[in-house]
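Novice: Protein chains in written order, with the numbering used here: chain A, 1 to 112; chain B, 1001 to 1116. Backbone N, C-alpha and C fix where the C-beta goes; we use that ideal spot for every residue, glycine too. As the structure is a prediction and not an experimental result, all values here were calculated from the model.
Right under this line is the structure:
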């Protein structure tokens, strides 16, 4: 059964710092991996979707990488801003099912 | 605007009462999903539907029921059999198929259910 973990559970950084969020999964037979952002009391906003054949995806200041063999994905945020403060979740979809398995999230605080 | 709407935003339920959460999408997506989110935990799948008039149980379906009579709508009923229903409920949808960005999930704003 696929398990997804995210470390650290919480992270606090000063504004302007570059940072990396980690996502690990136990079964490398994945179809794709999706990163989301969630603000308190809100739904999830899709940030990036990486297909299993891809190594990375970029959108603005965000870059997500995927290493299937090691069961890891990282979300790189450049030049962090207070508006980036939120919980970031990763979710993995397996090759043999239609459903995503979610990690517990990393709560990010960017201090002005 | 295309998107997913959920209503109500807040819902209060008395013990022994059934309540229904609404989820509507105008993205023309085939697949729809219901998740439950509890503090400090990842999202857990309750039910999903890949096509109209068909749905499947997720990991925590006990005490919940759904219907999929229309492509746009996927309501979730929380029954009195659900012993701990207080949670944040999220609805999502996605396209089907094997093209890039098919299967990308999009989420609604959520419904917070509290049992009194």
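Name the residue from 1064(B), 1058(B), 1066(B) whose alpha carbon lies nearest to the alpha carbon of residue 1043(B).
Specialist: If you number the second chain from 1, residue 1043(B) lands on position 43. Cα-wise, what sits closest to residue 1043(B) is 1058(B).
Novice: I need the boundaries of the beta strand (DSSP E) containing residue 1052(B), first residue and last residue.
Specialist: As a first step, residue 1052(B) must be located in the second chain, where it is residue number 52. Element bounds for residue 1052(B): n/a, residue is neither H nor E.
Novice: If we ignore side chains and look at the alpha-carbon of each, how far apart do residue 82(A) and residue 108(A) end up?
Specialist: Here residue 82(A) is taken as the residue at index 82 of the first chain, counted from 1. Here residue 108(A) is taken as the residue at index 108 of the first chain, counted from 1. Roughly 10 Å separates the two Cα atoms.
Novice: By how many angstroms is the C-alpha of residue 1114(B) removed from the C-alpha of residue 1092(B)?
Specialist: Counting from one through the second chain, the residue named residue 1092(B) turns up at place 92. Counting from one through the second chain, the residue named residue 1114(B) turns up at place 114. Straight-line Cα distance between these residues: approximately 21 Å.
Novice: Report, in whole angstroms, the separation of the C-beta atoms of residue 40(A) and residue 106(A), which I expect to be a contact under 8 Å.
Specialist: Counted from its first residue, the first chain places residue 40(A) at position 40. Counted from its first residue, the first chain places residue 106(A) at position 106. Not a contact, Cβ separation roughly 14 Å.
Novice: Quick check: what's the CA-CA separation for residue 14(A) versus residue 1065(B)?
Specialist: Start at 1 with the first residue of the first chain, and residue 14(A) comes out as number 14. Start at 1 with the first residue of the second chain, and residue 1065(B) comes out as number 65. Using only the alpha carbons, I get a separation of about 45 Å.
Novice: If we define contact as Cβ-Cβ less than 8 Å, is residue 21(A) a contact residue for chain B?
Specialist: Position 21 of the first chain, counted from the first residue, corresponds to residue 21(A). Taking Cβ atoms only, chain B never reaches closer than 8 Å to residue 21(A), which makes this a no.
Novice: Of the residues 1005(B), 1012(B), 1004(B), which one's Cα is nearest the Cα of residue 1087(B)?
Specialist: The residue given as residue 1087(B) occupies position 87 in the second chain. Residue 1012(B) is the option with its Cα nearest to residue 1087(B).
Novice: Throw me the rounded Cβ distance for the residue 47(A) and residue 62(A) pair, which I believe falls under 8 Å.
Specialist: Working through the first chain from its first residue, we reach residue 47(A) at position 47. Working through the first chain from its first residue, we reach residue 62(A) at position 62. Between residue 62(A) and residue 47(A) the Cβ distance is about 6 Å, and since that is below 8 Å, they are a contact.
Novice: Between which two residues does the beta strand (DSSP E) holding residue 66(A) run?
Specialist: Locating residue 66(A) in the first chain gives position 66, where the first residue counts as 1. Unbroken beta strand (DSSP E) run through residue 66(A): 62-67.
Novice: Any C-beta of chain B within less than 8 Å: which residues of the stretch 30-55 of chain A qualify?
Specialist: Answer set for the stretch 30-55 of chain A: 31, 32, 34, 36, 41, 42, 43, 44, 45, 46, 49, 51.
Novice: Ignore the nearest five residues each way along the sequence and tell me which others in residue 71(A)'s own chain have a CB closer than 7 Å to its CB.
Specialist: The sequence position of residue 71(A) within the first chain is 71, counting from 1. Excluding sequence neighbours, residue 71(A) sits near 24, 25, 26, 28.
Novice: Am I right that residue 1003(B) and residue 1028(B) are in contact with their C-beta atoms under 8 Å? What's the rounded C-beta distance?
Specialist: Reading the second chain from its first residue, position 3 is the one you call residue 1003(B). Reading the second chain from its first residue, position 28 is the one you call residue 1028(B). Incorrect: roughly 12 Å between the Cβ atoms, too far for contact.
Novice: Along chain A, in chain order, which residues have C-beta atoms closer than 8 Å to that of residue 1109(B)?
Specialist: Sequence index remark: in the second chain, residue 1109(B) carries index 109 (1-based). Going along chain A in sequence order, the residues near residue 1109(B) (Cβ under 8 Å) are 42, 43.
Novice: Per DSSP, what kind of secondary structure is residue 94(A) in: helix, strand or coil?
Specialist: What you label residue 94(A) is simply residue 94 of the first chain in a count that begins at 1. In the three-state reduction of the DSSP assignment, residue 94(A) falls in the strand class.
Novice: Could you check if residue 77(A) is buried or exposed, using at least 16 other CB atoms within 10 Å of its CB as the buried criterion?
Specialist: Working through the first chain from its first residue, we reach residue 77(A) at position 77. Residue 77(A) is buried by the Cβ-count criterion.
Novice: Does the beta-carbon distance from residue 1060(B) to residue 1030(B) come in below 8 Å?
Specialist: Sequence index remark: in the second chain, residue 1060(B) carries index 60 (1-based). Sequence index remark: in the second chain, residue 1030(B) carries index 30 (1-based). Going by C-beta atoms, residue 1060(B) is not nearer than 8 Å to residue 1030(B).
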